[in-house]
Amino acid sequence: MVGETFNLGEWKRQELVRFWLQYDTGEDGWCLFGALGTWTRDCAVCRRKEDCRPFAASFESVYDLIIPRYNTSTTLRLPDGRSLAIRDKHYPLDDVYCWVNGWYDLDREAAVNNYTYLSEVSAAACRSLEQAVPNYRGISMQMMFDENDHDSAQLAKMMASEVGNVSQAIVDGMRLHAAAKCLMSGGRGGLCDIANCAMRGCRLNSDTLGYHALRNCPPV
Numbered sequence: 083m084v085g086e087t088f089n090l091g092e093w094k095r096q097e098l099v100r101f102w103l104q105y106d107t108g109e110d111g112w113c114l115f116g117a118l119g120t121w122t123r124d125c126a127v128c129r130r131k132e133d134c135r136p137f138a139a140s141f142e143s144v145y146d147l148i149i150p151r152y153n154t155s156t157t158l159r160l161p162d163g164r165s166l167a168i169r170d171k172h173y174p175l176d177d178v179y180c181w182v183n184g185w186y187d188l189d190r191e192a193a194v195n196n197y198t199y200l201s202e203v204s205a206a207a208c209r210s211l212e213q214a215v216p217n218y219r220g221i222s223m224q225m226m227f228d229e230n231d232h233d234s235a236q237l238a239k240m241m242a243s244e245v246g247n248v249s250q251a252i253v254d255g256m257r258l259h260a261a262a263k264c265l266m267s268g269g270r271g272g273l274c275d276i277a278n279c280a281m282r283g284c285r286l287n288s289d290t291l292g293y294h295a296l297r298n299c300p301p302v
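For the sequence shown, the working numbering begins at 83 and goes up steadily by one.
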């Protein structure tokens, strides 16, 4: 998601430890990879304090800057026929990521403010991803970074048009990204992104996305 800068230094010169180590040992991958940036460190804090609202709110100033006030939306279409009009041309991957994984369809108030609800939703999503994503236990941090770079480039091209067709490969990439986050903490690590999605946007109707930054979503 936005803010996930990948200044890896020496990390980039070697294959990173696969997440199944954290999955099997219970070690917190968010702490292990804390040196990657605030997106990992702040998520570790969110989980430790059992309060992810500050994590989600930390992105508000960024979204306030990059979500355009004027309506220049692009309608993206998924292979299953669903469509969604989005405005974020700076980093559209966030919207596609939240949408594909179903996180724009949750109880936003609970996802931001109720840690028990958030944990249960995250665990259920991770169980589903474990069944759906090939080589689930073999996903590495590097695989997530590479997929993220590729998908971001493809989506940026689509946002130059009024309509874009999202390929199945990108859909699969969004699920791989979510699965990687799950594996960072024993199959329950995706909750920070879910809270961020809930704070970031809402479905105004079946095919149009609203944004907290535009104040057209109910407050949470």
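Here a beta-carbon is modelled for each residue, glycine too, at the ideal position from N, C-alpha and C.
Compute the beta-carbon to beta-carbon distance between residue i and residue j, rounded to the nearest angstrom, for a pair I have assumed lies under 8 Å.
| i | j | result |
| --- | --- | --- |
| isoleucine 112 | arginine 135 | For the sequence presented, residue 112 should be read as tryptophan rather than isoleucine. The pair is not a contact, with the Cβ atoms about 17 Å apart (cut-off 8 Å). |
| leucine 237 | valine 178 | 6 Å |
| isoleucine 221 | alanine 251 | About 16 Å separates the two Cβ atoms, so there is no contact after all. |
| isoleucine 276 | valine 203 | 6 Å |
| threonine 351 | serine 165 | Because the chain in this structure spans residues 83 to 302, residue 351 falls outside the shown range and cannot be described. |
Measure the C-alpha to C-alpha separation of residue i and residue j and round it to an integer number of angstroms.
| i | j | result |
| --- | --- | --- |
| valine 253 | proline 161 | 9 Å |
| aspartate 289 | valine 248 | 15 Å |
| alanine 117 | arginine 123 | 7 Å |
| serine 201 | arginine 270 | 7 Å |
| alanine 205 | aspartate 189 | 16 Å |
| glutamate 132 | methionine 240 | 37 Å |
| asparagine 153 | phenylalanine 141 | 21 Å |
| tyrosine 186 | cysteine 125 | 20 Å |
| phenylalanine 115 | asparagine 278 | 19 Å |
| methionine 223 | valine 182 | 20 Å |
Whose C-alpha, out of the options, is nearest the C-alpha of residue i?
| i | options | result |
| --- | --- | --- |
| leucine 211 | Asn196, Gly184, Leu166 | Gly184 |
| tyrosine 145 | Gly283, Gly119, Asn196, Glu229 | Gly283 |
| histidine 172 | Glu202, Ala205, Met266, Ala242 | Ala242 |
| asparagine 217 | His259, Cys279, Ser267, Glu132 | His259 |
| glycine 268 | Gly220, Cys208, Gly246, Ser234 | Cys208 |
| glycine 272 | Phe141, Pro174, Cys180 | Cys180 |
| alanine 295 | Ala214, Ala138, Asn230 | Ala138 |
| proline 300 | Val194, Arg169, Leu166 | Val194 |
| glycine 255 | Gly163, Met240, Met226 | Met226 |
| glycine 292 | Arg257, Ala192, Asp170, Ala126 | Asp170 |
| glutamate 229 | Arg159, Leu175, Ala192, Asn196 | Leu175 |
Examine the ligand ATP and report whether any of its heavy atoms sits within less than 7 Å of the Cβ of residue i.
| i | result |
| --- | --- |
| serine 210 | Among the components modelled here there is no ligand, and therefore nothing to report on the ligand ATP. |
Enumerated in chain order, which unbroken segments of the alpha helix (DSSP H) with a length of 4 residues or greater are wholly contained in the segment 126-211?
135-139, 142-148, 175-182, 190-195
Within the segment 234-269, note down every full alpha helix (DSSP H) run reaching 4 residues or more, in order along the chain.
250-265
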